[in-house]
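With the sequence shown counted from 1, adding 5 to any position gets you the working numbering.
Note that beta-carbon positions come from the ideal geometry of N, C-alpha and C, so glycine has one too.
Beneath this line is the structure, given in structure tokens, with notes to follow.
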Amino acid sequence: MSTTTRNCIVLPLPSRTLPVWERAAFLYTVLDAGWVRVQYLKGDGTRVSRVCTRNPSIVGTYGNSSDVRAIRESESAYLAQDNIVYFDYMAGGLRSFRVSQVEVCGIDAECVENNH
Numbered sequence: 006m007s008t009t010t011r012n013c014i015v016l017p018l019p020s021r022t023l024p025v026w027e028r029a030a031f032l033y034t035v036l037d038a039g040w041v042r043v044q045y046l047k048g049d050g051t052r053v054s055r056v057c058t059r060n061p062s063i064v065g066t067y068g069n070s071s072d073v074r075a076i077r078e079s080e081s082a083y084l085a086q087d088n089i090v091y092f093d094y095m096a097g098g099l100r101s102f103r104v105s106q107v108e109v110c111g112i113d114a115e116c117v118e119n120n121h
């Protein structure tokens with residue numbers, strides 16, 4: 006019997022009833038670790054699912070030095086804001102989302118690099 010799954014492994018995202026900084030701290034931790042699938046609502050109400058990271062080694066490999074620099078500069082004041090800057094795997098560039106609009110985050114069962 007196989008113990009692997011092809012489903013996304015859902016991470017325990019803190020509740021929206023908690024302060025924004027608690028959700029932000031959790032999201033920063035998982036995004037700094039590697040690729041994470043994040044589902045959130047855009048400003049126009051559209052639901053999107055993105056494969057994201059803030060890990061400098063990964064961003065440096067798939068992006069460029071200015072992307073790495075922008076990620077590092079954005080983390081200095083993250084507790085004061087509801088916006089997280091991340092590197093988007095599919096778009097190949099930087100994007101951002103509002104912490105309060107995140108619905109689900111998880112880890113894909115198959116590494117995105119395998120599908121690159």
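Counting every other CB atom within 10 Å of its CB across the protein chains shown gives Leu36 a total of 16 or more, marking it as buried.
Per DSSP, the beta-bridge partners of Cys110 are Val43. Ranked by Cα distance from Ser79, the options Tyr94, Arg100 and Thr66 are led by Arg100.
Contact check for Val56 and Ser105: beta-carbon distance about 21 Å, past the 8 Å limit, so the pair fails to qualify.
Rounded to the nearest angstrom, the gap between the Cα atoms of Asp87 and Thr34 is 15 Å. In the structure shown, Gly98 adopts extended strand secondary structure according to DSSP, grouped into three states.
A straight-line Cα-Cα distance of about 23 Å links Gly98 and Cys13.
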